[in-house]
Amino acid sequence: MLYHPLNIAGAFEIEVEPIADNRGFFTRVFSHPEAQACGFQPGVVQVNNSFNHKRGTLRGLHYQVPPPKSPKLYG
Numbered sequence: 001m002l003y004h005p006l007n008i009a010g011a012f013e014i015e016v017e018p019i020a021d022n023r024g025f026f027t028r029v030f031s032h033p034e035a036q037a038c039g040f041q042p043g044v045v046q047v048n049n050s051f052n053h054k055r056g057t058l059r060g061l062h063y064q065v066p067p068p069k070s071p072k073l074y075g
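Residue 66 in our numbering sits at position 66 of the sequence shown, with consecutive numbering throughout.
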C-alpha cells in the first residue's frame with residue numbers, strides 16, 4: 001500500500017498494490033502499522049481483498065485453531 005499525502009492536513013490517497021495472476025488478484029487494502037505510521041489510530045488491524053475471474057477458484061487456505069488469532073469476514 002502506498003500513502004500519498006494530499007494538500008489537506010492529515011488526508012492521504014491510499015493506493016493498493018494488487019498481486020495478480022491468471023486467477024484474479026489479491027491486495028491489502030488496509031494495514032494497521034502503515035496507517036499508524038501516517039498518524040492514524042485505527043481500530044482495525046488489517047483488511048485484504050481478493051477477486052477471482054472464475055467461480056470456484058481456490059486460493060490459499062489458512063486454517064486456525066480456535067480461538068482464531070485473525071478473524072475472517074467472508075462476503
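Backbone N, C-alpha and C fix where the C-beta goes; we use that ideal spot for every residue, glycine too.
All figures in this text were calculated on a predicted structure; none of them were measured in a lab.
- For Q46, the enclosing beta strand (DSSP E) stretches over residues 46-52.
- Here G10 is not near H53, since their CB atoms are 7 Å or more apart.
- Cβ contact annotation for C38 (same chain, cutoff 7 Å, sequence separation greater than five): Y3, F12, in chain order.
- According to the DSSP assignment, H4 belongs to the beta strand (DSSP E) that extends over 2-5.
- A20 sits exposed, since fewer than 16 C-beta atoms from the chains shown fall within 10 Å of its C-beta.
- Per the C-alpha coordinates, the member of V45, Q41, F40 positioned closest to S31 is V45.
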